[in-house]
Every structure is written in C-alpha cells, then in structure tokens.
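Quick note on my numbering: the sequence shown kicks off at 723 and runs consecutively.
Positions of the beta carbon are idealized from the N, C-alpha and C atoms, including for glycine.
Since the model is a prediction, treat every value here as computed from it, not as a measurement.
Everything below concerns the one structure shown next.
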Amino acid sequence: MSHTFTRQLLHIVFSTKERRPLLVPETRPRMIGYLRAVSGDLGVAVLRINGVEDHVHLLVDLPTSLSTAEYLQKLKVNSSRWFRKQFQQVDFHWQRGYGAFSVSESKVDDVCGYIDRQETHHKKSSFEDEIRKLVKNHGLEFDERFFLG
C-alpha cells in the first residue's frame, strides 16, 4: 500500500497539579482555546475539549507522527507556561500523569456528549471516582498509591 491511513481516537484526561481548582470560569475558556491551538500546531485534530476547575478532557485524533506521550508532554509544558505568563499571580502546573483511552469510531458521539456534560457530571461525581471508573472500564488496574501525586 502506498499510503498510510490511520484514525487514532483518544479520550485524554489530565488534571491540575494537586487538583487545584485553577481553571475557573475566567481562565478555563482561554486555557481550552490555547490547548486547541497547540494541538492544531502539532497536527492533532481536537474533536472535543472541555473541563472543570481541576481537570480537562479531550477527544483527539492523533497523527502517526506523534506519540501520545510526546503530544501530552508538549501540550502540558506549553500550556502551563502560557498560563503562568497570562495569569502571573498563579503558579500553574499540570499533574504529571494522565489517562489516555482508545475510542471506537462507534463511540465518538457518546464520548463527545460525556465531555460536553462535564460540569453537570461533576455535580454528582468526583474527579477521583471518574478516573477510577475510566480506568476500570478500559480493563486497567488502578493503584491508589499513584493517585495522589
């Protein structure tokens, strides 16, 4: 085959360091816009993005030229640097880890809806419970020792 065809859909979740509630209504839309812009610069198609005060969700189509780890490292470093420059009174950092879960084409609408409903969802469910459920639903083991850092 002379061409490469890929569709690497990932539902990505990551939080602010120590899950500090820094993505308030005044800053969150700007951060979301910046995450979308950096992703575009990296050739990553963002299908959906949203978040709450302490974490964000993205549904992306990752190109073959970029690994998940490389994408998230560049995204988080650039956006935290940008945030500290824009809001100098805040020492903003993302937490080191992340969740990245493959998404079937048949589930794209469901994941988009889930990401869109984050504010409503988190009135009933904590970030911790959300991550535990995502990890379990994807057949992974959840080790509480690594959850706090």
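* Determine which residues share a DSSP beta bridge with W816 and list them. => T738
* Cβ contact check for the region 723 to 734 and the region 782 to 801: 3 or more pairs under 8 Å -> yes
* **Straight-line Cα distance separating T790 from L757** => Rounded to the nearest angstrom, the two C-alpha atoms are 15 Å apart.
* Asked: Which class does S828 belong to by DSSP, given the choice of helix, strand or coil?
  -> In this structure, S828 counts as helix in the three-state DSSP scheme.
* Asked: Going by the beta-carbon positions, is the gap between P743 and E775 smaller than 8 Å?
  -> yes
* To do: Classify T738 as buried or exposed, calling it buried when 16 or more other Cβ atoms lie within 10 Å of its own Cβ.
  => buried
* Cβ-based neighbour list, A767, same chain, cut-off 7 Å, excluding 5 preceding and 5 following -> V782, D783
* To do: Buried or exposed for S801, please, with buried defined as at least 16 other CB atoms from any protein chain shown within 10 angstroms of its CB.
  => buried
* For G835, which of V812, I853, G773 has the nearest alpha-carbon? -> G773
* To do: Leaving out five residues on either side along the sequence, give the residues of the same chain with a beta carbon under 6 Å from the beta carbon of G861.
  => No residues qualify anywhere along the chain.
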